[in-house]
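Mapped onto our numbering, the consecutive letters of the sequence shown carry residue numbers 1056 to 1185.
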Amino acid sequence: MNFSTVIRDELMQSELIQNLVGGRMRPYVEPNDTSGAFIIMTPIEPEALTKGASDTYLAEQQHFQMDVQSGNYNELKTVFKEVRRIMINELNMYPQAGGLDDYFEETKRYLISVRFIGTPQKLNYKKSII
(Lines of atoms letter the chains of each structure in order from A and count residues from 1; the text may use other names and numbers.)
(Lines give C-alpha, C1' and ligand atoms only; values in the text may rest on other atoms or scores of the structure.)
Protein backbone atom coordinates (compact mmCIF):
# COMPACT_ATOMS: atom_id res chain seq x y z
CA MET A 1 0.00 0.00 0.00
CA ASN A 2 1.18 3.52 -0.80
CA PHE A 3 1.91 5.13 2.56
CA SER A 4 0.97 8.60 1.25
CA THR A 5 -2.56 7.23 0.92
CA VAL A 6 -2.48 5.99 4.52
CA ILE A 7 -1.39 9.44 5.73
CA ARG A 8 -4.02 11.23 3.62
CA ASP A 9 -6.80 8.90 4.82
CA GLU A 10 -5.76 9.40 8.44
CA LEU A 11 -5.60 13.20 8.07
CA MET A 12 -9.02 13.28 6.39
CA GLN A 13 -10.58 11.76 9.51
CA SER A 14 -9.89 15.05 11.29
CA GLU A 15 -12.75 17.55 11.12
CA LEU A 16 -10.23 20.39 11.39
CA ILE A 17 -8.27 19.11 8.36
CA GLN A 18 -11.52 18.57 6.43
CA ASN A 19 -12.58 22.16 7.11
CA LEU A 20 -9.26 23.97 6.54
CA VAL A 21 -7.56 21.77 3.92
CA GLY A 22 -10.22 19.58 2.34
CA GLY A 23 -8.88 17.85 -0.77
CA ARG A 24 -5.80 20.06 -1.04
CA MET A 25 -3.37 17.25 -0.15
CA ARG A 26 -0.99 15.51 -2.55
CA PRO A 27 2.18 13.47 -2.48
CA TYR A 28 5.30 15.05 -4.04
CA VAL A 29 3.77 18.20 -5.62
CA GLU A 30 1.44 21.09 -4.86
CA PRO A 31 -2.25 20.33 -5.32
CA ASN A 32 -3.98 22.08 -8.22
CA ASP A 33 -5.98 24.21 -5.78
CA THR A 34 -3.68 26.37 -3.64
CA SER A 35 -6.36 28.89 -2.64
CA GLY A 36 -6.21 27.86 1.02
CA ALA A 37 -4.04 25.79 3.32
CA PHE A 38 -2.60 22.70 1.66
CA ILE A 39 -0.34 19.75 2.48
CA ILE A 40 2.40 18.08 0.45
CA MET A 41 3.54 14.61 1.61
CA THR A 42 6.95 13.49 0.37
CA PRO A 43 8.69 10.20 1.18
CA ILE A 44 12.33 10.88 2.12
CA GLU A 45 13.58 7.34 1.55
CA PRO A 46 12.11 3.91 0.80
CA GLU A 47 10.55 2.07 3.72
CA ALA A 48 13.04 0.07 5.79
CA LEU A 49 12.25 -3.43 7.06
CA THR A 50 12.37 -3.63 10.84
CA LYS A 51 11.13 -5.70 13.76
CA GLY A 52 12.52 -9.01 12.57
CA ALA A 53 11.27 -12.25 14.06
CA SER A 54 12.90 -15.49 13.01
CA ASP A 55 13.19 -15.33 9.23
CA THR A 56 10.55 -12.66 8.61
CA TYR A 57 10.04 -8.94 9.15
CA LEU A 58 6.97 -7.65 10.93
CA ALA A 59 7.11 -3.93 10.26
CA GLU A 60 8.34 -1.17 7.97
CA GLN A 61 9.83 2.10 9.14
CA GLN A 62 8.60 5.13 7.19
CA HIS A 63 10.36 8.50 6.71
CA PHE A 64 8.19 11.33 5.34
CA GLN A 65 8.42 15.08 4.97
CA MET A 66 5.21 16.97 5.62
CA ASP A 67 4.91 20.47 4.13
CA VAL A 68 2.01 22.66 5.21
CA GLN A 69 1.50 25.93 3.32
CA SER A 70 -1.00 28.76 3.70
CA GLY A 71 -1.32 32.47 3.04
CA ASN A 72 -2.49 32.89 6.65
CA TYR A 73 0.07 32.18 9.39
CA ASN A 74 -2.48 31.40 12.13
CA GLU A 75 -4.24 28.93 9.83
CA LEU A 76 -0.87 27.40 8.95
CA LYS A 77 0.00 26.84 12.64
CA THR A 78 -3.43 25.35 13.36
CA VAL A 79 -3.19 22.91 10.45
CA PHE A 80 0.41 21.98 11.25
CA LYS A 81 -0.37 21.25 14.91
CA GLU A 82 -3.18 18.93 13.81
CA VAL A 83 -0.91 17.20 11.27
CA ARG A 84 1.73 16.73 13.98
CA ARG A 85 -0.85 15.38 16.45
CA ILE A 86 -2.12 12.84 13.92
CA MET A 87 1.37 11.79 12.81
CA ILE A 88 2.38 11.15 16.44
CA ASN A 89 -0.82 9.79 17.99
CA GLU A 90 -2.35 7.90 15.07
CA LEU A 91 0.62 6.88 12.93
CA ASN A 92 3.41 6.54 15.52
CA MET A 93 5.68 8.86 13.52
CA TYR A 94 7.76 11.49 15.29
CA PRO A 95 9.16 14.86 14.15
CA GLN A 96 12.90 15.03 13.54
CA ALA A 97 15.18 17.91 14.54
CA GLY A 98 15.34 20.73 12.06
CA GLY A 99 12.68 21.68 9.58
CA LEU A 100 11.60 24.99 8.15
CA ASP A 101 9.21 27.73 9.27
CA ASP A 102 9.35 30.47 6.63
CA TYR A 103 7.49 32.95 4.42
CA PHE A 104 7.99 33.11 0.66
CA GLU A 105 7.44 36.53 -0.89
CA GLU A 106 7.12 35.06 -4.42
CA THR A 107 4.12 32.90 -3.53
CA LYS A 108 2.81 35.01 -0.61
CA ARG A 109 2.60 31.82 1.47
CA TYR A 110 3.95 30.63 4.78
CA LEU A 111 5.51 27.17 5.02
CA ILE A 112 6.21 24.74 7.83
CA SER A 113 8.18 21.71 6.69
CA VAL A 114 9.00 18.87 9.10
CA ARG A 115 10.33 15.35 8.62
CA PHE A 116 8.67 12.50 10.50
CA ILE A 117 10.06 9.01 11.05
CA GLY A 118 8.48 5.98 12.68
CA THR A 119 6.98 2.53 12.44
CA PRO A 120 3.25 3.07 11.89
CA GLN A 121 1.27 0.59 13.96
CA LYS A 122 -1.80 0.82 11.72
CA LEU A 123 0.25 -0.49 8.83
CA ASN A 124 2.23 -3.17 10.65
CA TYR A 125 2.00 -6.08 13.07
CA LYS A 126 -0.94 -7.64 11.27
CA LYS A 127 0.99 -10.01 9.04
CA SER A 128 4.53 -10.55 7.78
CA ILE A 129 5.87 -7.94 5.38
CA ILE A 130 7.96 -10.48 3.44
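No residue lacks a Cβ here, since even glycine has one placed at the ideal position from N, Cα and C.
Cα-Cα separation between Ile1172 and Gln1120, rounded to whole angstroms: What you label residue 1172 is simply residue 117 of the sequence shown in a count that begins at 1. What you label residue 1120 is simply residue 65 of the sequence shown in a count that begins at 1. Cα to Cα, Ile1172 sits roughly 9 Å from Gln1120.
Residues of its chain near Tyr1128, where Cβ-Cβ distance is below 7 Å and the 5 sequence neighbours each way are ignored: Start at 1 with the first residue of the sequence shown, and residue 1128 comes out as number 73. Tyr1165.
Simplified DSSP assignment, three categories, for Ser1059: Start at 1 with the first residue of the sequence shown, and residue 1059 comes out as number 4. In this structure, Ser1059 counts as helix in the three-state DSSP scheme.
N- and C-terminal bounds of the beta strand (DSSP E) containing Val1076: Position 21 of the sequence shown holds residue 1076. No beta strand (DSSP E) holds Val1076; DSSP gives it neither H nor E.
Gln1124 beta carbon less than 9 Å from that of Thr1162: Numbered from 1 along the sequence shown, position 107 holds the residue referred to as residue 1162. Numbered from 1 along the sequence shown, position 69 holds the residue referred to as residue 1124. It is a contact, given that the beta carbons lie within the stated cut-off.
Buried or exposed by the 16-neighbour rule on C-beta atoms within 10 Å, applied to Thr1105: Reading the sequence shown from its first residue, position 50 is the one you call residue 1105. Thr1105 is exposed by the Cβ-count criterion.
Cutoff 7 Å; reference Ile1143; Cβ partners in own chain excluding five residues on either side: Residue 1143 sits at position 88 when you count from the first residue of the sequence shown. For Ile1143, where only same-chain residues beyond five positions count, the Cβ hits under 7 Å are Tyr1149.
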